[in-house]
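Every position in the sequence shown, counted from 1, becomes a number in my numbering once 227 is added.
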Amino acid sequence: MSVKKEWPFGITPENYPEFMGKCSEHTTRKGKDLEGYFLEKPDPDRVIYEVYEAQGTGRMRLALTILKPGKVGTEYHMTKGHFHEDPEAGEIYFALKGQGIIIMQDREGQACDLSLRPGTVACIPPGWAHRTVNAGKEDFVMLAIYPDTAGHDYAAIEKKGFIRRVMEKDGKPQIM
Ligand code: M6P
Ligand code: ZN
Numbered sequence: 228m229s230v231k232k233e234w235p236f237g238i239t240p241e242n243y244p245e246f247m248g249k250c251s252e253h254t255t256r257k258g259k260d261l262e263g264y265f266l267e268k269p270d271p272d273r274v275i276y277e278v279y280e281a282q283g284t285g286r287m288r289l290a291l292t293i294l295k296p297g298k299v300g301t302e303y304h305m306t307k308g309h310f311h312e313d314p315e316a317g318e319i320y321f322a323l324k325g326q327g328i329i330i331m332q333d334r335e336g337q338a339c340d341l342s343l344r345p346g347t348v349a350c351i352p353p354g355w356a357h358r359t360v361n362a363g364k365e366d367f368v369m370l371a372i373y374p375d376t377a378g379h380d381y382a383a384i385e386k387k388g389f390i391r392r393v394m395e396k397d398g399k400p401q402i403m
């Protein structure tokens with residue numbers, strides 16, 4: 228089998244916009260794409276987050292997510308969240324900028340969260356749905372690395388949501 232020759236590269240908190248330029252896929256998620264995810268109805272035209280995706284090195288995919296700061300009601304901006312279609316596929320998140328929280332949940336309903344600051348690596352084991360929340364006042368930027376066979380399964384989360392939510396209380400993010 229012939230393998231396409233790739234040129235090595237690094238991604239840093241400073242140069243990630245260069246990586247965005249190399250990406251073949253770019254998705255913008257606005258309030259109207261996230262109706263039913265927040266407790267309140269989001270402004271349909273507000274950009275909540277953007278994802279830049281590329282074929283990574285070998286059999287991996289790389290995705291850079293930029294979550295805009297802000298809240299819908301008192302709930303902090305967040306991604307949709309998903310399980311992987313492949314039950315054996317895990318994922319690694321590497322936080323580059325801002326303050327985030329990753330919420331995870333398995334199919335039995337066990338939940339877990341980790342705070343993400345620049346330099347944090349979060350290991351998402353197979354079988355755990357994952358959602359990221361911007362808990363800060365600037366963009367939250369992170370890089371995700373996952374097998375190219377993982378696939379996104381949004382159905383369960385779309386229907387039932389996550390048990391944990393990140394809400395503002397007394398001016399600060401609180402996980403409820
Ligand atoms: C991370 C990765 C991507 C995912 C993106 C946005 O970058 O997990 O695979 O697409 O976050 O999350 P979601 O697809 O749940 O909206
Ligand atoms: Zn994933």
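For every residue, glycine included, the Cβ atom is placed at its ideal position computed from N, Cα and C.
A direct Cα-Cα distance of roughly 14 Å separates Asp270 from Lys295. The residue among Met287, Asp272, Arg286 and Ile293 with its C-alpha nearest the C-alpha of Tyr279 is Ile293. Distance from the CA of Ala281 to the CA of Met394, rounded to the nearest whole angstrom, comes to 32 Å. Contact annotation, Leu289 with Ile372: C-beta distance approximately 6 Å; criterion of less than 8 Å satisfied. Per DSSP, reduced to three states, the secondary structure at Gly248 is helical. Pairing Asp375 with Asp313, the inter-Cα distance amounts to about 10 Å. Assigned with DSSP and collapsed to three states, Ala290 falls in strand.
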